[in-house]
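Peer 1:
There are 2 protein chains.
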Amino acid sequence: MPSVTVDPTGTVLTLATPAGPRRFHAVWLRDNAPDPETRAPGNGQKLIALRDIPADTRIAAAGMRGDGRVEVRFDPEEKTVAFDPAWLEEHAYDHPTPRARGWLPAGVETWDAGLAESVPCGDFAALQGGGAALRDWLGSLMRYGFAKVANAPAEPGALFKVVDLFGYVRETNYGRHFEVRTEVDPTNLAFTGLGLQAHTDNPYRDPVPTVQVLHCLESSAAGGENMVVDGFAAALRLRDENPEAFDLLADHCARFEYVGEEGVCLTARRPMIELAPDGELVGIRFNNRSCAALVDVPFDRMEAYYAAYRRLGEIIDDTAMEVTFRLAPGEAFVVDNTRVLHARKAYSGTGTRWLQGCYADKDALRSTHDAMVRAGRLEAAQ
Amino acid sequence: MPSVTVDPTGTVLTLATPAGPRRFHAVWLRDNAPDPETRAPGNGQKLIALRDIPADTRIAAAGMRGDGRVEVRFDPEEKTVAFDPAWLEEHAYDHPTPRARGWLPAGVETWDAGLAESVPCGDFAALQGGGAALRDWLGSLMRYGFAKVANAPAEPGALFKVVDLFGYVRETNYGRHFEVRTEVDPTNLAFTGLGLQAHTDNPYRDPVPTVQVLHCLESSAAGGENMVVDGFAAALRLRDENPEAFDLLADHCARFEYVGEEGVCLTARRPMIELAPDGELVGIRFNNRSCAALVDVPFDRMEAYYAAYRRLGEIIDDTAMEVTFRLAPGEAFVVDNTRVLHARKAYSGTGTRWLQGCYADKDALRSTHDAMVRAGRLEAAQ
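Each protein sequence line maps, in turn, to chains A and B.
According to full-length UniProt numbering, the residues represented by the first sequence are 1 to 382, in order.
According to full-length UniProt numbering, the residues represented by the second sequence are 1 to 382, in order.
Next comes the structure, spelled out in C-alpha cells:
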C-alpha cells in the first residue's frame, strides 16, 4: 500500500513505492492534475496553460483515499485532485538520468547481418486486414527501422497501398512517387547500373522524409539486389571503437545540397549523427552524393572529422553490417529514413529492374501502431 | 592577386586572401574538387564516396595558374585539380566559430510588435506571376517566419493555391486540410470562442509540419483576430534575461501528446527550444494543450525548468511581442511552424468565422526561393 508525505514547505510530495521513494514537485503535480478542468476527459488535451496555475502553488495537504488514490490539496487555489499512484510511479522523474551519448529508448534494437535470418516481413493481404498482423509488422518497423512486405500487387501505384497501411505520402519535387527503372544492357558500360554506397535519402531536405517505401514491379536482371544497413548500429559501433570520432560527427553540422533540376535548390545543415539534447540517438544522415563542402567544422578538428567520417563509411561498407535481399515483383520494403541506410548492388547480365518509390512520415506510422497497442490494452482492462 | 603555399608535409594549403590567410586540409580540398570525375557537372552531385579518396591524400604541389585558378596536385592519385579562389574563400572554415547559444544565421531577423507597421504581404495574383514578387515574398517568409497573402479567392480550397506557390501539402490524420469554423452565439458562453494562447501546431508530431497556411473564407464575428509571435525573439529574450533558463529549455526534452481520435496516438519527445549541435537556434515547440507530463527533466532541475517554462510563456503573452491582424475573406497567412507561434483572440458579438488550414514543409519553400535567387545570379553573371 503506497503512502505519501509532504515536506514542511508544501513543495515536494514523496510517494513511497516498492522501488523506493519518488518525489514530485507541487507545480508538476498541479500541472499534471487529471481532473476534467485541467485535462479534457475525451482527448486528454490540457485545458489550461501554465499561466493559469499560480506561481506560488504548494501542497496544502496530501493523503491516501479509501479507493487507493492519492489526494492532494493545492493552495492558493484550494483545489483538491486525486491521482492514480500507478500513473505517478510510471511518470516519476526522480531517478538517475545520465546515460551514455547515443542511448536508445526501450523497444529500439540495433542489428547487423545476422538479421538476414529473420527479416521482418508482412503478407500484404494480412496487413490490410489490420489487427495483430499490422500491429506486429509496424512494431517491427519501429524496432528495426526496416520491414518487408510480400505478396502485394505487382502493379504501378501499389506502393500507395503500402503507405495507406500506416500513414500519408510526403509529396516532394520528385512527385508523389518516383520511378527507379533501369534497362540493363551490358554493351553499354555506363548503363549497367553500378552499385551505390548505402545512404539515407534526401539529407538535403529539412525535414527529411522520415519513411521510404520501395516497391518492385519488374526484376529480371541479375544483380541489383537491395541492401540495408542499420545506421544506429554503425554509429554505435563507431562510438564503441572511438568515442571522440562519434562526438565529432554528432557535435558538428554537415552540409547537404541538391540543385539538380530547374527551380530546385535544396540545402540542409544538420549533423551526420543527430542526438537529442540528452544524448538519445535520434537520426543518421549519410549520403556521399549530396554532401556539400563542410564549413562548420573548425580548422583544428577538420582532419579528425574526416577520419571519423571515413571510419563511419568503412563500418557502413562492412558486409558484416548489411542485410541483402532480392525484391521479387510484388514485394516492397519500408525503411525508417532517419536510421536505416539502403543501397542497390551492381547489376550484371541483361534484363530490366523497375521499382517505384515514395516517401512518407514516421509520426503517422508510430501513431497507427501505438493506437492499436493502446486500444488492445483498454480492451484487455475491461 | 591571391597566392598559395603548402606546408612541408603536404597536409595544409594556405591561401592568402585580403581578409588574411585561409588554411585548407588536403583531404578537404580533394573531397571538394570541382572536376567532372568528382562532381557531376549538371547537378553537382558527388560521383565518388570518401572511400574512393586515399586516406593518405596529400598535396604534392600547388600554385596559381595564369587564369587565376589555384592548381593543386594530389598524391598518391597524381590528380591535378583547379579551384576557383573565390569559391575557396567563400567556403573557408579557418575562422573563429564559437558563438553564443541561440545564434541565428544571416538573413533571419527577429521581430516584435513593431513589425505590425510592415507585415510582409504579397498580392495573390502577383505571387502567382512568379518573378521578383514571389521571390521577395518567400524571402520575407524566410526572414521573418511569417507573411500574409492578400486578394486570394475567398473559395474553399484556395489555400492549396497558396501552397502551390512554393511547395506541397503535408497530409496528416487531419486530412489534406482542416476546417476552422465557428458560429458565434453569445447566448451560449461555452461556444463564444475563447482566446487561445499562442502556440506552434502539432508539436506531438515528429517531424512537425514545418509550414502552416490559414486562409479566411468568412469573417463576420467581432473579435477572433489572428495573432502571431516570433518564437525565436521570445527564446532570445529569455536567454538575454536568464541564460540558465534558456539552457534548461534547450537541454531537456519535453513531451507532447495527442490521442484525441480513434486510431490516433501521436507522441513526441523534443525540447521546447531546439538548437543545432553548435548552438544555432533551429526550432520552437510551445503548446500548452498538448504538453504531456515532463519526465525527462531531473528532479533537481524540475522547479527551475518550470520557472523557465513559465517565464517563456509570459514573454510569449507579452503584447509587446505580438502582431495582431484581422484576416478578411480571401486573405491568408503562412507561418514557419518551427518558429512563429500563432493564436486566435476571443470573439464577441454574433456572426461566423471560417478559415481553412493546411500544413506544408519548409524544404520546398526554401528551395523555391533559393532557386530563384540562384537563377537571378546566374543570369546577372552572363
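Glycine included, each C-beta is placed from N, C-alpha and C at the ideal position.
Our contact map puts residue 257 (chain A) next to residue 266 (chain A) with C-beta atoms below 8 Å; I'd like the distance itself, whole angstroms only.
Peer 2: So it is a contact: roughly 7 Å between Cβ atoms.
Peer 1: Excluding the 5 residues flanking residue 188 (chain A) on each side, which residues of the same chain have their C-beta closer than 7 Å to its C-beta?
Peer 2: Because the pLDDT at residue 188 (chain A) is just 44, under 50, the model does not fix this residue reliably, and the value given afterwards should be weighed accordingly. So the list is empty, once near-sequence residues are dropped.
Peer 1: Measure the C-alpha to C-alpha separation of residue 291 (chain B) and residue 312 (chain B) and round it to an integer number of angstroms.
Peer 2: Straight-line Cα distance between these residues: approximately 15 Å.
Peer 1: For residue 289 (chain B), which option in A:46, A:17 and A:14 has the closest C-alpha, if you only look at C-alpha atoms?
Peer 2: Of A:46, A:17 and A:14, the residue nearest in Cα terms is A:46.
Peer 1: Would you check if the segment 209–229 of chain B and the segment 326–342 of chain B touch, i.e. whether three or more CB-CB distances between them fall below 8 Å?
Peer 2: Yes, they touch.
Peer 1: Mind checking residue 378 (chain A): buried by the 16 CB within 10 Å criterion, or exposed?
Peer 2: It is exposed - the Cβ of residue 378 (chain A) has fewer than 16 other Cβ atoms within 10 Å.
Peer 1: Suppose you measure from the CA of residue 293 (chain B) to the CA of residue 49 (chain A); what does that come to, to the nearest Å?
Peer 2: If you take the alpha carbons of residue 293 (chain B) and residue 49 (chain A), they lie about 13 Å apart.
Peer 1: Which two residues bound the contiguous beta strand (DSSP E) that contains residue 322 (chain B)?
Peer 2: Here the beta strand (DSSP E) through residue 322 (chain B) covers 322–325.
Peer 1: Do you know how far the Cα of residue 69 (chain A) is from the Cα of residue 34 (chain A)?
Peer 2: Straight-line Cα distance between these residues: approximately 12 Å.
Peer 1: Tell me whether residue 274 (chain B) sits in a helix, a strand or coil according to DSSP, three-state version.
Peer 2: Strand, per DSSP.
Peer 1: Taking only runs of the beta strand (DSSP E) that begin and end inside the segment 107–192 of chain A, which ones reach a length of at least 3 residues, in chain order?
Peer 2: Correct list: 121–123, 146–150 and 178–184.
Peer 1: Answer with yes or no whether the minimum CB distance from residue 299 (chain A) to chain B is below 8 Å.
Peer 2: Closer than 8 Å to some Cβ of chain B, the Cβ of residue 299 (chain A) qualifies, so yes.
Peer 1: Which residues, in order along the segment 350–374 of chain B, keep a beta-carbon less than 9 Å from a beta-carbon of chain A?
Peer 2: Under the 9 Å Cβ criterion, the segment 350–374 of chain B contributes 361, 362, 363, 364, 366, 367, 368, 369, 370, 371, 372, 373 and 374.
Peer 1: Mark residue 182 (chain A) as exposed unless 16 or more other C-beta atoms lie within 10 angstroms of its C-beta, in which case mark it buried.
Peer 2: Residue 182 (chain A) is buried by the Cβ-count criterion.
Peer 1: I need the straight-line Cα distance from residue 44 (chain A) to residue 89 (chain A), nearest angstrom please.
Peer 2: Distance between the alpha carbons of residue 44 (chain A) and residue 89 (chain A) is about 19 Å.
Peer 1: Could you list which residues in chain D have their beta carbon closer than 8 Å to that of residue 43 (chain B), in chain order?
Peer 2: In summary, chain D is missing from the structure at hand, where the protein chains are A and B.
Peer 1: Secondary structure at residue 252 (chain A), three-state DSSP: helix, strand or coil?
Peer 2: Coil at residue 252 (chain A), not helix or strand.
Peer 1: For chain A, find out if any of its Cβ atoms is closer than 8 Å to the Cβ of residue 188 (chain B); answer yes or no.
Peer 2: Model confidence at residue 188 (chain B) stands at a pLDDT of 44, short of 50, so the residue's coordinates are unreliable; what they give is reported in the following sentence. Chain A, which has no Cβ nearer than 8 Å to the Cβ of residue 188 (chain B), makes this no.
Peer 1: Would you mind working out which of A:358, A:260 and A:295 sits nearest residue 40 (chain B), comparing C-alpha positions?
Peer 2: When only C-alpha atoms are compared, the closest one is A:260.
Peer 1: Below 8 Å CB to CB, which residues in the same chain sit around residue 97 (chain A) once its five sequence neighbours on both sides are set aside?
Peer 2: Once the five neighbours on either side are set aside, the close Cβ partners of residue 97 (chain A) are 278.
Peer 1: Out of B:305, B:85, B:235 and B:107, state which residue places its alpha-carbon closest to the alpha-carbon of residue 25 (chain A).
Peer 2: Checking every option, the nearest Cα to that of residue 25 (chain A) belongs to B:305.
Peer 1: According to DSSP, simplified to helix, strand and coil, what is residue 373 (chain B)?
Peer 2: Three-state DSSP puts residue 373 (chain B) in a helix.
Peer 1: Which full runs of the beta strand (DSSP E) of 3+ residues lie inside the segment 9–39 of chain B, going along the chain?
Peer 2: DSSP runs (the beta strand (DSSP E)) wholly in the segment 9–39 of chain B: 12–17 and 20–25.
Peer 1: Where does residue 71 (chain B) fall in DSSP's three states?
Peer 2: Correct three-state label for residue 71 (chain B): strand.
Peer 1: Should residue 376 (chain B) be labelled buried (16 or more other beta-carbon atoms within 10 Å of its own) or exposed?
Peer 2: Result: exposed.
Peer 1: State yes or no: is the beta carbon of residue 128 (chain A) nearer than 8 Å to at least one beta carbon in chain B?
Peer 2: Chain B contact via Cβ: absent.
Peer 1: For residue 114 (chain B), count neighbouring Cβ atoms within 10 angstroms of its own Cβ and tell me buried if that reaches 16, exposed if not.
Peer 2: It counts as exposed.
Peer 1: In three-state terms, what does DSSP make of residue 286 (chain A)?
Peer 2: Correct three-state label for residue 286 (chain A): coil.
Peer 1: Closest by CA to residue 148 (chain B), which one among B:380, B:342 and B:207?
Peer 2: Ranking the options by Cα distance to residue 148 (chain B), first place goes to B:342.
Peer 1: At what residues does the alpha helix (DSSP H) containing residue 431 (chain B) begin and finish?
Peer 2: Residue numbering for chain B in the displayed model covers 1 to 382; residue 431 (chain B) lies beyond these limits and cannot be assessed.
Peer 1: Quick check on the DSSP output: the alpha helix (DSSP H) that includes residue 354 (chain A) runs from which residue to which?
Peer 2: No alpha helix (DSSP H) contains residue 354 (chain A), which is instead part of the beta strand (DSSP E) from 351–360.
Peer 1: Just to confirm, is the Cβ distance from residue 10 (chain A) to residue 58 (chain A) under 8 Å?
Peer 2: Yes, these two residues count as a Cβ contact at 8 Å.
Peer 1: Tell me the rounded alpha-carbon separation between residue 93 (chain B) and residue 269 (chain A).
Peer 2: Between residue 93 (chain B) and residue 269 (chain A), the C-alpha separation is close to 15 Å.
Peer 1: Return the first residue and the last residue of the beta strand (DSSP E) that residue 218 (chain A) is part of.
Peer 2: Run containing residue 218 (chain A): 211–219, per the beta strand (DSSP E) assignment.
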